[in-house]
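Numbering (my numbering), first residue to last: 18 to 226.
Just so you know, even glycine gets a beta-carbon here, dropped at the ideal spot from N, CA and C.
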């Protein structure tokens with residue numbers, strides 16, 4: 018079952034809020050529908066109530082990423098399992114729209130959109146996708162961006178498990194900031210060293226007239 022793809026639903030939902038900047042992009046029904054994407058049938062059922070419902074799910078999903086980022090794997094799994102119990106999925110065999118070279122359906126599993134509300138549909142999809150990604154890659158692959166003022170969630174799919182930022186943009190900013198901080202420290206040490214050397218030099222006697 019290629020369901021790890023759906024983990025992007027979880028990342029998109031969590032990152033619809035920028036808590037460090039006090040920005041929330043999930044403020045309307047249109048914003049809810051944008052999370053689903055244009056081809057989702059469940060998006061059409063979205064209503065005003067789904068805005069607050071999805072915000073609640075978002076907070077709980079962020080907790081999963083934060084626990085994983087802090088190295089608390091058991092807590093991360095427990096939080097995700099609680100969501101999976103609350104928002105169960107309905108897997109379904111599909112393939113009529115995809116044909117192979119011989120014209121036969123390319124049968125595959127995907128998640129059916131039969132949930133009672135748009136929130137339930139989105140949450141079930143996001144949590145199941147995240148669960149597949151977590152068990153496939155490991156809990157430690159779930160992270161929170163380490164860049165200053167950014168708390169975006171991400172899933173580390175790198176081969177060496179080295180990712181610390183949600184994007185190349187944040188990584189570049191962090192590297193530039195670290196470089197400037199090092200140069201500033203070097204300049205301060207150099208200036209302090211110069212002052213220390215000056216203070217250690219014997220005073221030059223005044224010229225007698």
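Asked: Relative to the C-alpha of residue 132, which candidate in 187, 58 and 72 has its C-alpha closest?; Found: 58
Asked: Would you call residue 32 buried or exposed, if buried means 16 or more other Cβ atoms sit within 10 Å of its Cβ?; Found: buried
Asked: Smallest Cα separation from residue 50: which of 35, 209, 66 and 100?; Found: 66
Asked: Compute the beta-carbon to beta-carbon distance between residue 148 and residue 97, rounded to the nearest angstrom, for a pair I have assumed lies under 8 Å.; Found: 6 Å
Asked: Can you grab the Cα-Cα spacing for the pair residue 23 / residue 163, in whole Å?; Found: 24 Å
Asked: Name the residue from 129, 127, 187 and 136 whose alpha carbon lies nearest to the alpha carbon of residue 62.; Found: 136
Asked: Using CA coordinates, which residue listed in 64, 76, 54 and 52 is at the minimum distance from residue 36?; Found: 76
Asked: So, helix, strand or coil for residue 106, using DSSP?; Found: coil
Asked: If you draw a straight line from the alpha carbon of residue 158 to that of residue 56, how long is it in whole angstroms?; Found: 29 Å
Asked: Which of helix, strand or coil does DSSP assign to residue 139?; Found: helix
Asked: Which residue comes first and which comes last in the beta strand (DSSP E) that contains residue 160?; Found: 159-161
Asked: For residue 111, which residues from the same chain have a beta carbon less than 8 Å from its beta carbon, with the 5 sequence-adjacent residues on both sides left out?; Found: 124, 125, 126 and 127
Asked: Using the C-alpha atoms, what's the distance from residue 142 back to residue 105?; Found: 9 Å
Asked: Would you mind stating whether residue 100 and residue 144 have Cβ atoms separated by less than 8 Å?; Found: yes
Asked: Would you mind stating whether residue 28 and residue 170 have Cβ atoms separated by less than 8 Å?; Found: yes
Asked: In whole angstroms, what separates the C-alpha of residue 173 from that of residue 183?; Found: 9 Å
Asked: Helix, strand or coil: how does DSSP classify residue 185 here?; Found: helix
Asked: Would you report the Cα separation of residue 209 and residue 190, rounded to the nearest angstrom?; Found: 28 Å
Asked: How far does the alpha helix (DSSP H) with residue 85 in it extend, from its first residue to its last?; Found: 65-86
Asked: Name the DSSP bridge partner or partners of residue 111?; Found: 125
Asked: For residue 49, does the three-state DSSP call read helix, strand or coil?; Found: helix
Asked: Cα separation between residue 165 and residue 119?; Found: 53 Å
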